[in-house]
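Undergrad: With this note's numbering applied, the sequence shown has no gaps in its numbers, which climb one by one up to 1076 at the end.
The C-beta atom is built at its ideal place from N, Cα and C for all residues, glycine as well.
Owing to the predicted nature of the structure, the values given are computational and were not obtained by experimental measurement.
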Amino acid sequence: MFIGDLGEVKNIVEYMFWDSNVDWIIYRSDDGSTWTLHTFRSAGTGCTDGGDQHAGSFSARYIKVIRGTSAWCGDGNVIRMKISGNSATHTTAPTQIDGGANFWQWESFTDSKTTPANTSVSYRYRTSANGTDWTSWVGSIGSVTSRTGDDSNNPTKYRYLQIEATLSNTDGASTPTIDSYTIGYHTNQKPNAPTAMTAVVN
């Protein structure tokens, strides 16, 4: 038996065995406790190992593979198993993007990416005053919370910015990439005027 943890619920578009000569029973689960039968895959009729490919979209975090009772020949080991999904997510560390003690306003976001045909990259943003308690995710950096309270009387400043990037494809094969992104923001240290700043994440 094999149980794989993908780290979070993902949409899976393809799975492949490199031993096609035995029965395999495949289960899926979002929590690792409640399992749903996904498919029963019958043994092939030859004594050569695989590349036995199966397509069909489903979502799961955990994949459980159990060897069945029938085998055409061989020992029925999982030689290799490949699972292909159509999205992956990366989130910056909680205090990785820090506007500093004199932070005032999150302003802009610019990315450098490569998106071949059938791929896309999308982003969400949220902010925190302490790196622990976060606002809700929003789809535009212009919609994030930069500060709350009276601007003239020591407002709460949300100096930490977190970015979630989702890289997706529609064919199960093509891969988008992110080279870097640049965040623009302002600081405001009295009595100086607001100062434009940038942070680059590679």
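When DSSP labels each residue in this structure, what does residue 1020 get in the three-state scheme?
TA: To locate residue 1020, count along the sequence shown from 1; it is residue 146. Looking at residue 1020 - three-state DSSP - the assignment turns out to be coil, as it is neither helix nor strand.
Undergrad: Leaving out five residues before and five after residue 883 in sequence, what residues of the same chain have Cβ atoms less than 7 Å from its Cβ?
TA: Walking along the sequence shown from the start, residue 883 turns up at place 9. These residues qualify, in order along the chain: 904, 933, 934, 935.
Undergrad: Would you grab the beta carbon distance between residue 980 and residue 1059 for me? Rounded to a whole angstrom, and I think it's under 8 Å.
TA: As a position in the sequence shown, residue 980 is number 106, starting the count at 1. As a position in the sequence shown, residue 1059 is number 185, starting the count at 1. The Cβ separation is near 5 Å, so the contact holds.
Undergrad: Just tell me which of 1036, 1027, 1015 has its CA closest to the CA of residue 1007.
TA: Here residue 1007 corresponds to residue number 133 of the sequence shown, with the count starting at 1. Cα-wise, what sits closest to residue 1007 is 1036.
Undergrad: What do you get for residue 1043, buried or exposed, if any count of 16 or more other CB atoms within 10 angstroms of its CB means buried?
TA: As a position in the sequence shown, residue 1043 is number 169, starting the count at 1. Residue 1043 should be labelled buried.
Undergrad: Between the alpha carbons of residue 988 and residue 1072, how many angstroms are there, rounded?
TA: Counted from its first residue, the sequence shown places residue 988 at position 114. Counted from its first residue, the sequence shown places residue 1072 at position 198. Distance between the alpha carbons of residue 988 and residue 1072 is about 22 Å.
Undergrad: As a quick exercise: from 1020, 1023, 1013, pick the residue whose alpha carbon is nearest that of residue 1040.
TA: Here residue 1040 is taken as the residue at index 166 of the sequence shown, counted from 1. If we check each option's Cα against that of residue 1040, 1013 comes out closest.
Undergrad: What residues match up with residue 1034 in a beta bridge as DSSP calls it?
TA: Locating residue 1034 in the sequence shown gives position 160, counting from the first residue. Answer is 972, 1002, bridged to residue 1034.
Undergrad: Rounded to whole angstroms, what's the CA-CA distance from residue 982 to residue 1024? Just pull it up for me.
TA: In the sequence shown, counting from the first residue as 1, residue 982 sits at position 108. In the sequence shown, counting from the first residue as 1, residue 1024 sits at position 150. Between residue 982 and residue 1024, the C-alpha separation is close to 23 Å.
Undergrad: For residue 971, which residues from the same chain have a beta carbon less than 8 Å from its beta carbon, with the 5 sequence-adjacent residues on both sides left out?
TA: If you number the sequence shown from 1, residue 971 lands on position 97. If we look at residue 971 and ignore the five residues flanking it on each side, its Cβ neighbours are 1034, 1035, 1036, 1037, 1057, 1073, 1075.
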